[in-house]
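Structure, as structure tokens:
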Amino acid sequence: MEKTVTYGMVGGDLKALIGECHRKGLGLDPRAQLVCGCFSAIPELNDECAEAYHVDKSRVYYDAEEMAKAEAGKIDFVSICTPNFVHYSAAKAFLENGINVVCEKPLTLKVEEAEELVRIAKEKNLLFAVDYCYSGYVMCKVMKQMIERGDIGDIIAINADYLEGCFLPLLSEQDQVNARIWRTDPKYSGISNTCADDGTHVEHLVNYVTGLKVKRLLATADTFGKKLDLNDNIILEYDNGAHGAYWFSQVACGSPNEINLRIYGSKGSLEWHQTRPDELRFAQAGKAAQTLYRNGDGIDVPAGQLGRMPMGHPEGFYVAIANIYRNFISALLKIKNGEEPTAEDMDFPDGETGLSGVKFFYAVVESANNNSKWVDLD
Ligand SMILES: NC(=O)c1ccc[n+]([C@@H]2O[C@H](COP(=O)([O-])OP(=O)(O)OC[C@H]3O[C@@H](n4cnc5c(N)ncnc54)[C@H](O)[C@@H]3O)[C@@H](O)[C@H]2O)c1
32 MEKTVTYGMV
42 GGDLKALIGE
52 CHRKGLGLDP
62 RAQLVCGCFS
72 AIPELNDECA
82 EAYHVDKSRV
92 YYDAEEMAKA
102 EAGKIDFVSI
112 CTPNFVHYSA
122 AKAFLENGIN
132 VVCEKPLTLK
142 VEEAEELVRI
152 AKEKNLLFAV
162 DYCYSGYVMC
172 KVMKQMIERG
182 DIGDIIAINA
192 DYLEGCFLPL
202 LSEQDQVNAR
212 IWRTDPKYSG
222 ISNTCADDGT
232 HVEHLVNYVT
242 GLKVKRLLAT
252 ADTFGKKLDL
262 NDNIILEYDN
272 GAHGAYWFSQ
282 VACGSPNEIN
292 LRIYGSKGSL
302 EWHQTRPDEL
312 RFAQAGKAAQ
322 TLYRNGDGID
332 VPAGQLGRMP
342 MGHPEGFYVA
352 IANIYRNFIS
362 ALLKIKNGEE
372 PTAEDMDFPD
382 GETGLSGVKF
392 FYAVVESANN
402 NSKWVDLD
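Under the working numbering, think of the first position of the sequence shown as 32, with each following residue one higher.
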């Protein structure tokens with residue numbers, strides 16, 4: 032019986048942001064071992080990474096497609112942690128070579144590319160995950176199960192935002208080159224910056240927690256004279272007829288990757304903030320609102336058992352990513368051992384979820400470019 036898995040990484044050099052978070056998240060899982068990588072498009076950086084990550088030099092590659100061919104049948108999965116424009120070609124290469132994939136979001140620059148990846152993964156019978164890591168937080172899973180159980184009744188309104196200030200300097204200075212600048216260049220980011228980067232997280236999280244799909248939306252997207260959006264406001268209609276409002280900003284001075292989610296139902300409401308991810312505000316009509324704490328009293332849905340630390344010891348971003356991988360690796364091991372993965376094993380954002388995110392930012396850009404007209408999503 033197989034008990035461990037091996038993986039490779041594309042992107043995630045020593046200075047990269049999210050690759051490090053994937054390795055730390057996977058480091059919490061004794062079942063996973065990093066054995067190969069194409070950590071950077073710059074050869075010298077690749078070699079430095081091999082040493083730092085204890086990867087044998089013979090398994091360091093200078094091109095993702097070369098790595099996919101050479102590692103076919105040797106690794107269980109690959110984590111793709113590169114800028115957006117590399118996701119499609121890298122994911123396609125690994126899927127075509129029969130390797131399961133975990134890819135960063137936004138999944139691709141174009142809808143057709145995401146559709147193609149989903150199709151290849153299905154044809155090859157491979158696991159395909161997209162790292163919408165916030166749905167890995169235990170309290171988001173608790174929220175989902177409370178809503179499924181009917182704790183707040185029928186959903187009547189949603190308000191959500193993702194706010195950070197990382198691109199505020201662009202508004203007052205020359206376009207300076209910094210580590211994150213590829214995000215604002217259409218060559219590397221496609222048609223959207225803020226909505227593709229941050230908005231897709233919210234689109235997924237609301238869908239994950241409530242089960243509702245966006246039916247149509249209208250949007251404004253502020254570029255402040257730059258090439259891509261930096262501040263988006265959106266009104267949405269969901270498939271149950273309820274309406275919602277989202278605000279995504281990367282020029283929100285002083286806001287620290289704040290994700291705020293407020294869900295109102297006919298009997299109650301739930302509120303979650305990524306800056307306090309172990310807490311949930313739960314209100315029921317006619318009763319005083321209460322704060323639920325991860326691993327604390329009053330949580331009686333199964334997801335309440337998923338925490339790794341006692342109440343009060345914070346679980347953060349690395350653990351959220353680790354939780355996505357925990358299920359992905361459990362599913363992978365079941366498949367390797369000829370067993371059927373459970374619904375809990377398969378509880379991770381998949382290729383279809385990634386595709387939905389790409390369709391979402393296309394709809395936002397289409398609306399914003401057409402006097403904020405309503406745009407339907409399928
Ligand atoms: N899930 C999240 O919460 C989250 C957070 C941050 C970033 N992201 C996503 O992760 C991805 C990477 O973002 P980042 O902030 O880590 O970027 P980054 O610029 O910090 O790192 C990018 C990495 O990719 C490498 N790279 C670039 N081109 C490559 C190529 N052709 N082949 C191999 N490696 C290559 C770079 O050397 C670097 O290691 C983006 O798609 C971004 O949207 C997701």
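Think of the CB as a built atom: it goes at the ideal place given N, C-alpha and C, for glycine as much as any other residue.
Residue(s) in a DSSP beta bridge with residue i
i, result
"ASP381", "ALA160"
"ALA252", "ASP263"
"TRP278", "ASP192, ASN264"
"TYR356", "None, per the DSSP bridge assignment."
"THR37", "GLN64"
"TYR269", "VAL245"
"ASN131", "PHE108"
"GLY42", "CYS112"
"VAL395", "Per DSSP, none; premise fails for VAL395."
"ASP407", "ARG247"
Beta-carbon spacing of residue i, residue j below 8 Å
i, j, result
"VAL142", "ARG247", "no"
"LEU243", "ASN271", "yes"
"PHE70", "ASP44", "yes"
"VAL132", "ILE111", "yes"
"PHE359", "PHE379", "yes"
"GLN336", "TYR165", "no"
"ALA394", "LEU408", "yes"
"GLY196", "ALA252", "no"
"THR322", "PHE279", "no"
"MET40", "ASN368", "no"
"TYR119", "THR139", "yes"
"GLY42", "ASN115", "no"
"ALA124", "ALA95", "yes"
"ASP60", "ARG293", "no"
"TYR269", "VAL245", "yes"
"PRO137", "THR254", "no"
Integer Cβ distance of residue i from residue j, believed to fall under 8 Å
i, j, result
"LEU148", "GLY382", "6 Å"
"GLY299", "ALA276", "In fact, because the Cβ distance is near 20 Å, the residues do not count as touching under 8 Å."
"ILE350", "VAL173", "Sequence inspection shows Val at residue 350; the Ile mentioned does not correspond to that position. Their Cβ separation, rounded to whole angstroms, is 14 Å, which puts VAL350 and VAL173 out of contact at 8 Å."
"ALA273", "ILE187", "5 Å"
"GLU135", "ILE189", "With 8 Å as the limit, GLU135 and ILE189 do not qualify as a contact, their Cβ atoms being about 25 Å apart."
"ASN291", "ASP185", "Contact flag wrong, Cβ pair sits at about 22 Å."
Inter-residue spacing [alpha-carbon to alpha-carbon] between residue i and residue j
i, j, result
"PRO308", "GLY167", "11 Å"
"GLU302", "THR35", "37 Å"
"ALA99", "VAL233", "31 Å"
"PHE348", "SER297", "32 Å"
"ARG339", "SER403", "44 Å"
"LYS286", "ASP229", "Lys is not the amino acid found at residue 286; the sequence shown has Ser there. Taking the straight line from one Cα to the other gives about 13 Å."
"ILE178", "CYS52", "30 Å"
"VAL240", "GLU289", "17 Å"
"ALA101", "ALA63", "20 Å"
"CYS410", "GLY329", "Absent from the model: residue 410. The displayed extent of the chain is 32 to 409, so no value can be given."
"LEU259", "ILE266", "20 Å"
"VAL389", "LEU201", "25 Å"
"VAL208", "ALA47", "Any reading at VAL208 is ruled out, since the residue's pLDDT is 47, under 50, leaving its predicted position unreliable."
"THR215", "TYR324", "37 Å"
"LEU236", "PHE159", "18 Å"
"ASN156", "GLY385", "17 Å"
"ALA93", "ASN128", "As written in the sequence, residue 93 is Tyr, which differs from the Ala given in the question. Going from the Cα of TYR93 to the Cα of ASN128 covers about 17 Å."
"PRO341", "GLY327", "8 Å"
"GLN281", "ASP263", "9 Å"
"MET377", "LEU65", "22 Å"
"ALA122", "LYS105", "17 Å"
"SER387", "LEU261", "21 Å"
"TYR38", "VAL109", "5 Å"
"VAL169", "ALA334", "7 Å"
"PRO217", "ALA152", "27 Å"
"ALA319", "TYR295", "15 Å"
"PRO74", "HIS344", "40 Å"
"VAL396", "ARG150", "25 Å"
"GLU154", "ILE366", "16 Å"
"SER103", "GLU97", "According to the sequence displayed, residue 103 carries Ala and not Ser. Between ALA103 and GLU97, the C-alpha separation is close to 10 Å."
"HIS85", "ALA374", "34 Å"
"CYS171", "ASN238", "11 Å"
"PRO372", "ASN354", "16 Å"
"SER223", "CYS67", "32 Å"
"LEU76", "VAL161", "26 Å"
Residue i beta carbon near ligand 2 (any heavy atom closer than 7 Å)
i, result
"ALA72", "In terms of ligand content, the structure shown lacks ligand 2 and carries ligand 1 instead."
>> Just to confirm the assignment: which complete beta strand (DSSP E) runs, minimum length 3, are found wholly within the stretch 144 to 206?
In response: 159 to 161, 186 to 194
>> I'd like the ranges of any alpha helix (DSSP H) spanning at least 4 consecutive residues and lying wholly in the stretch 63 to 118.
In response: 74 to 83, 95 to 102
>> As an exercise, report each continuous beta strand (DSSP E) stretch of at least 3 residues that is fully enclosed by the stretch 288 to 327, in chain order.
In response: 289 to 296, 299 to 304, 310 to 315, 321 to 324
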